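Notes follow the structure.
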Amino acid sequence: MSSAPAAPWTTLPNGTTIPQIGFGTLAVQPSRDASDENADITGEIVRAALKAGYRHLDSAQSYGTERGVGKAIAESGIPRDELYVASKLANPNHAPDDVRRSFDQTLEHLGLDRLDLFLIHWPLPTMHDGDYVSTWKAVAALVDGGRLRSAGVSNFLPEHLDTIIDETGLVPVVNQFELHPYFANKPTTEACAKYGIAVEAHSPLGHNREPLTDPTITEIAESLGRSTAQVILRWHVQRGDVSIPKSSRPERMVENLSVFDFELDQAQMDAINALDRGEDGRVGPHPNTWEG
Ligand SMILES: NC(=O)c1ccc[n+]([C@@H]2O[C@H](COP(=O)([O-])OP(=O)(O)OC[C@H]3O[C@@H](n4cnc5c(N)ncnc54)[C@H](OP(=O)(O)O)[C@@H]3O)[C@@H](O)[C@H]2O)c1
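Letter by letter, the sequence shown follows residues 1013 to 1304 in our numbering.
So, in structure tokens, the structure goes:
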């Protein structure tokens, strides 16, 4: 299998660095169980991703992929400092004691003594008495313990960011949220810019792959001799997003990382920006109602 040059590392607001394209591990397994069988499946896929050149791995307690990611890391022989490993707090674990307990378990599953990035997966304003502020305090405090480099959030809307920052004074380093050409998620992107929070695009290809067959993107891709996935991921790079495309196929892993040797001109960027459908472009759950 071929590989791609590694993605450049970009600097986050707290001065730490992160590879601008990472590897997403949602649904690389047939189920979310953290079973031995699933760890073998994910281990093999993540091993392929590391061979393809990825150095940033995005996992989550709820994906059940932490054990497989840990297995692939252990078998890779890649020095820890050359890897960037992220995970997310599962929805049932919002109580501060559960944050600390489950963070220990995350490190154990990954076989690591330090995590690069830990995010609150969803704000859950309709669960846990709507108290995601205590959760945020507990996640942010993990950095003081020395076993976490950067604390952040995921799927936080502007009002959720306002709440945690107003009430704690602690600004997340990263907000990971749905963002792709059909859903530029402007209010959240603008709130991140206001607070100096790095934008990390999840479902960067659109999750359901609809943007991958968009006529405008197809025309740009054909004119550049690139794939539509590469054009979309290049659009993210030029916006300054960190992105984490998922593919279980080794050839697509390489394709998705091979976007640092061409550029979109302003007219091409503008044409893709014009595809934004606002809230209608959202594919995943809404952060104000999701309890899954
Ligand atoms: N924080 C959150 O709540 C949240 C939510 C969703 C996702 N995420 C993170 O973001 C990552 C990526 O998001 P996602 O998995 O939802 O969607 P995505 O990366 O936008 O799209 C993945 C889909 O595109 C296909 N694909 C990938 N590369 C392709 C290519 N070059 N050509 C054609 N098809 C291609 C994949 O199929 P194949 O595998 O068959 O190639 C898969 O069906 C996840 O894995 C996860 O780490 C986080």
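The C-beta atom is built at its ideal place from N, Cα and C for all residues, glycine as well.
Given the structure is predicted, the values throughout are model-derived calculations rather than measurements.
Alpha-carbon to alpha-carbon, V1295 and H1219 | 7 Å
P1091 versus R1289 - alpha carbon distance | 42 Å
Using three-state DSSP, classify N1026 as helix, strand or coil.
-> coil
For Q1250, which residues from the same chain have a beta carbon less than 8 Å from its beta carbon, with the 5 sequence-adjacent residues on both sides left out?
-> E1275, L1276, M1281
Sorry if obvious, but does the Cβ on A1017 come closer than 7 Å to a heavy atom of ligand 1?
-> Looking at the sequence provided, one finds Pro at residue 1017 rather than Ala. For ligand 1, not one heavy atom lies less than 7 Å from the Cβ of P1017.
Any non-hydrogen atom of ligand 1 closer than 7 Å to N1187 Cβ = no
Backbone CA spacing between L1169 and T1175 [nearest angstrom] | 10 Å
Cross-strand partners of I1330 (DSSP beta bridge) | As displayed, the chain neither begins before 1013 nor continues past 1304, which places residue 1330 out of reach and without an answer.
Nearest-angstrom Cα separation, counted from G1089 out to F1130 | 23 Å
F1115 lies in the beta strand (DSSP E); which residues open and close that run?
-> Per DSSP, F1115 belongs to no beta strand (DSSP E); it is in the alpha helix (DSSP H), 1108-1122.
What residues in its chain sit with their C-beta under 7 Å from that of W1247, if we drop five residues either side in the sequence?
-> P1193, L1276, M1281, I1284
Distance between beta carbons of S1146 and P1108, contact taken as under 8 Å | 5 Å
So the beta strand (DSSP E) I1085 belongs to, where does it begin and stop?
-> Counting along the chain, I1085 falls outside any beta strand (DSSP E), though it belongs to the alpha helix (DSSP H) covering 1078-1088.
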